[in-house]
Amino acid sequence: MSRHKKSNRAKEIDRRRQRQAKLARLRVRYASAKNEAERKEVFALVTRRVPWLTPEEFVTPSTAGN
Numbered sequence: 198m199s200r201h202k203k204s205n206r207a208k209e210i211d212r213r214r215q216r217q218a219k220l221a222r223l224r225v226r227y228a229s230a231k232n233e234a235e236r237k238e239v240f241a242l243v244t245r246r247v248p249w250l251t252p253e254e255f256v257t258p259s260t261a262g263n
């Protein structure tokens with residue numbers, strides 16, 4: 198069994214992919230929210246995960262990095 202460590206760049210890429218996948222799941226949850234309270238709850242989770250993201254950017258994701 199090979200035991201080599203990931204490079205810092207590989208770790209960074211993994212974190213980015215995990216973050217994007219989580220945001221995609223949260224966007225689905227946000228879109229299916231029944232009321233404003235549920236949306237605020239979902240966006241609170243988004244803010245914990247990605248503090249620099251605004252509600253407008255969250256609702257309309259950027260495709261610049263894809």
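In our numbering, the protein residues as written are 198 to 263.
The beta-carbon is built from N, C-alpha and C at its ideal position, and this holds for glycine as well.
These numbers were taken from a predicted model, which means no experiment stands behind them.
1. Taking buried to mean at least 16 other C-beta atoms within 10 Å of its own C-beta, is V239 buried or exposed?
2. Where does V243 land, buried or exposed, given buried means 16+ other C-beta within 10 angstroms?
3. Return the residue from the list V256, R216 and T251 that minimises the CA-CA distance to A230.
4. Could you check the C-alpha separation between R200 and R213 for me, to the nearest Å?
5. From which residue to which residue does the alpha helix (DSSP H) around P252 run?
Judging by the given coordinates:
1. buried
2. buried
3. V256
4. 23 Å
5. P252 to V256
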